[in-house]
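Here the structure comes first, spelled out in structure tokens, and everything after it is commentary.
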Amino acid sequence: MPRLPRRAVLAGATALPLFAIRTRPAHAAEFTLKLANNSPVTHPQSVRQQEAADRIRKASGGRVDIQLFPNNQLGSDTDMLSQLRSGALDFFTLSGLILSTLVPAASINGIGFAFKDYDTVWKAMDGKLGAYVRGEIDKRGLTAMDKMWDNGFRQITSSTRPIKAPADLKGFKIRVPVSPLWTSMFQALGAAPVSINFSEVYSALQTKIAEGQENPLSLIQIAKLYEVQKYCSMTSHMWDGFWMLANKRGFASLPPDMQTLIATELNKSALQEREDIAKLNGSVTEDLKSKGLEFVEVDKPAFRDALKQAGFYAEWKKKYGDEAWGILESEVGTLS
Ligand code: X2X
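What follows is the structure, encoded as structure tokens:
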């Protein structure tokens, strides 16, 4: 490095901080916000969230800069929920079932075999059932955007034995997300569920802490769970989706037009993500088969009957209360 005259060094050293104090660079945003999720970077959830952030930055003329932290970069779901509540995080997508550790009603869409297809899911979650859950979320200091993001209908995978009938689940060490409903459901089916955050799932399966797990096919593919699992049973035992949550105080403190812009773009991306998953669902089975996953057809009504026999529906109807259960049944038909 050439030696600079002493005066030039001094001038450089003093000029920089002064400049930084006096002016904000033209590109610095007025609102820098953090959005986090648990999904791999290539999952449509992360892809569409990045697109929403880009559109929001552009449409706000650079005022709002949403920085995306996908793939558990900021910690597990449990960690991120705490960060969202404290305001360290501004936005976070979380499964309603896991959110139920804070908002009990939020797991209601995960009741076993409640939804027969996607039309029924979106009609309920974009309609009365979703509105009810959003109201409950709001009471706990969080704001949920109108449109949920799809995770999917969940299927059971295993590294040890194929699960064909409820009896095969007896004593089966299955990883479930951290949520009372998940634990209750797999206990009712006779399995031995272990609660583990998604950030630890791959290694839990690899080291055989759990024999199996359950997730939508798209995630089994994208998170490469097929590398550490052998069988996949098409139980479609529940539908699971993500709420786009905001810290309520933080969101309400943004200018109203910025709140509207953010909500509009996040909801738009949610609808696109739903389409992405629908497209993936068309090809994912063949792809997973080609990667060595063995598919198992199951007698779904037998699993539902086992839940009923175990008193699962009666128990959860009591937990949610008549109002919530009534809304669910008005969307999906009688469950118990
Ligand atoms: O933890 C899971 O299994 C996942 C990724 O599906 C959820 O977020 C519920």
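Residue 29 is where the sequence shown starts when you use this note's numbering, and the numbers rise one by one after that. Yeah, the Cβ is synthetic: ideal placement off N, Cα and C, and Gly gets one too.
DSSP three-state assignment for residue i, whether helix, strand or coil
{"i": "Phe200", "result": "coil"}
{"i": "Phe141", "result": "coil"}
{"i": "Val324", "result": "strand"}
{"i": "Ile94", "result": "strand"}
{"i": "Ile184", "result": "strand"}
{"i": "Lys175", "result": "coil"}
{"i": "Val161", "result": "helix"}
{"i": "Ala134", "result": "helix"}
{"i": "Pro190", "result": "coil"}
{"i": "Ala251", "result": "coil"}
{"i": "Ala195", "result": "helix"}
{"i": "Ala155", "result": "A small correction: the amino acid at residue 155 is Gly; Ala does not occupy that position in the sequence shown. Coil, per DSSP."}
{"i": "Leu170", "result": "strand"}
{"i": "Lys296", "result": "helix"}
{"i": "Ser364", "result": "coil"}
{"i": "Glu359", "result": "helix"}
{"i": "Lys345", "result": "helix"}
{"i": "Ser110", "result": "helix"}
{"i": "Leu209", "result": "helix"}
{"i": "Thr313", "result": "helix"}
{"i": "Glu351", "result": "helix"}
{"i": "Glu58", "result": "coil"}
{"i": "Val75", "result": "helix"}
{"i": "Pro284", "result": "helix"}
{"i": "Leu365", "result": "A question about residue 365 goes unanswered here, because the residues of the chain that appear run from 29 up to 364."}
{"i": "Gly339", "result": "coil"}
{"i": "Leu289", "result": "helix"}
{"i": "Ser246", "result": "helix"}
{"i": "Val69", "result": "coil"}
{"i": "Leu127", "result": "helix"}
{"i": "Gln101", "result": "coil"}
Beta-carbon proximity check, residue i vs residue j, cutoff 8 Å
{"i": "Met272", "j": "Leu308", "result": "no"}
{"i": "Ala216", "j": "Leu335", "result": "yes"}
{"i": "Pro244", "j": "Phe181", "result": "yes"}
{"i": "Val131", "j": "Glu79", "result": "no"}
{"i": "Asn179", "j": "Ser123", "result": "yes"}
{"i": "Leu127", "j": "Ala274", "result": "no"}
{"i": "Ala133", "j": "Ala342", "result": "no"}
{"i": "Pro72", "j": "Glu301", "result": "yes"}
{"i": "Val204", "j": "Ser187", "result": "no"}
{"i": "Pro194", "j": "Phe331", "result": "yes"}
{"i": "Val360", "j": "Thr148", "result": "yes"}
{"i": "Phe59", "j": "Val92", "result": "yes"}
{"i": "Thr292", "j": "Gln241", "result": "no"}
{"i": "Val326", "j": "Met262", "result": "yes"}
{"i": "Ser15", "j": "Pro98", "result": "There is no way to answer for residue 15, as the model of the chain reaches only from 29 to 364."}
{"i": "Leu197", "j": "Ile248", "result": "no"}
{"i": "Ala87", "j": "Leu289", "result": "yes"}
{"i": "Leu209", "j": "Gly138", "result": "yes"}
{"i": "Ser297", "j": "Gln77", "result": "yes"}
{"i": "Glu239", "j": "Lys276", "result": "no"}
{"i": "Ile237", "j": "Thr70", "result": "no"}
{"i": "Gly90", "j": "Ala142", "result": "no"}
Same chain only: Cβ atoms within 6 Å of residue i, ignoring 5 sequence neighbours per side
{"i": "Met213", "result": "Gly140"}
{"i": "Leu102", "result": "Ala64 and Met108"}
{"i": "Ala81", "result": "Ile94 and Leu96"}
{"i": "Arg50", "result": "Because Arg50 carries a pLDDT of 45, less than 50, the predicted location of this residue cannot be relied on, and the following value inherits that uncertainty. The answer is none, since no qualifying residue turns up."}
{"i": "Ser264", "result": "Phe181"}
{"i": "Val256", "result": "Leu233 and Gln234"}
{"i": "Met153", "result": "Met176"}
{"i": "Ala172", "result": "Arg162, Ile165, Trp271 and Leu273"}
{"i": "Pro190", "result": "Tyr259 and Val324"}
{"i": "Asn100", "result": "Asn66 and Ser227"}
{"i": "Arg168", "result": "Leu130 and Val131"}
DSSP beta-bridge partners of residue i
{"i": "Gln241", "result": "Thr185 and Arg203"}
{"i": "Thr119", "result": "The sequence given here places Phe at residue 119; Thr does not occur at that position. Leu63 and Ala274, per the DSSP bridge assignment."}
{"i": "Val222", "result": "Arg203"}
{"i": "Tyr259", "result": "Ser186 and Glu322"}
{"i": "Trp267", "result": "Phe181"}
Close-in-space but distant-in-sequence residues of the same chain around residue i (CB under 7 Å, 5 per side omitted)
{"i": "Thr106", "result": "Val206 and Asn225"}
{"i": "Gly278", "result": "Gly115 and Asp118"}
{"i": "Leu38", "result": "Residue placement at Leu38 cannot be trusted, given a pLDDT of 42 that sits under 50; the coordinates are not used to answer."}
{"i": "Ile355", "result": "Lys156, Leu157 and Tyr160"}
{"i": "Ile305", "result": "Pro72, Asp178, Gly180 and Ser246"}
{"i": "Thr211", "result": "Val204, Pro221 and Ser223"}
Cβ neighbours of residue i in the same chain (closer than 8 Å, five flanking residues each side left out)
{"i": "Leu299", "result": "Lys175"}
{"i": "Glu357", "result": "Leu363"}
{"i": "Gln287", "result": "Phe279 and Ala280"}
{"i": "Gln111", "result": "Ala64, Leu102, Gly103, Leu117 and Phe120"}
{"i": "Phe340", "result": "Gly140, Ser212, Met213 and Ala216"}
heavy atom of the ligand ADP below 7 Å from residue i C-beta
{"i": "Phe226", "result": "This structure lacks the ligand ADP; the ligands present are the ligand X2X."}
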